[in-house]
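Enquirer: In terms of my numbering, the sequence shown is residues 6 to 116.
Even glycine gets a Cβ: it sits at the ideal position worked out from N, Cα and C.
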Amino acid sequence: MLTVAPDIEVLVRFGRALADPIRCRLLLALREGPAHPSDLAEKLGISRTRLSNHLACLRDCGLVVTVPVGRRIRYELADERLGHALDDLRAAVVAVAADRSCPDAETEGRC
């Protein structure tokens, strides 16, 4: 059972990051590799201002970092294990949604 405050805080930060579809898309884009804000804004089809706010949130959550490249800033996942974690989480959610072996899933909405 998670009761240690730092463990809970880490999960809360991760949940906060995943709570917005744009931040999810950003994390998935950065899972593919580092990118500059202008490239991310174009790829996601959002304004640089809106992108900046979401990147700030992901930085505050500790999930992305900035890397200076000359006069520009590049963003990347703070740790490559985050990419694996995103893949594992997505696969687990899909597997649970597809699993109908739980007899109470339909009537109770849970196992």
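Please confirm whether arginine 28 and alanine 22 have their CB atoms less than 7 angstroms apart.
Expert: In contact: arginine 28 and alanine 22 (Cβ atoms closer than 7 angstroms).
Enquirer: Using the DSSP secondary-structure output, state which residues sit across from arginine 77 in a beta bridge.
Expert: DSSP, once it has assigned bridges, lists Val74 as partnering arginine 77.
Enquirer: Can you give the beta carbon distance from arginine 53 to proline 39, rounded, assuming they're within the 8 angstroms contact cut?
Expert: Wrong, their Cβ atoms sit about 17 angstroms apart, outside the cutoff.
Enquirer: Tell me the DSSP bridge mates of leucine 4?
Expert: Summary: the structure shown does not reach residue 4, with the chain confined to residues 6 through 116, and so no result is reported for it.
Enquirer: Between the C-alpha atoms of arginine 79 and valine 70, what's the straight-line distance to the nearest angstrom?
Expert: In a straight line, the C-alpha of arginine 79 is about 8 angstroms away from that of valine 70.
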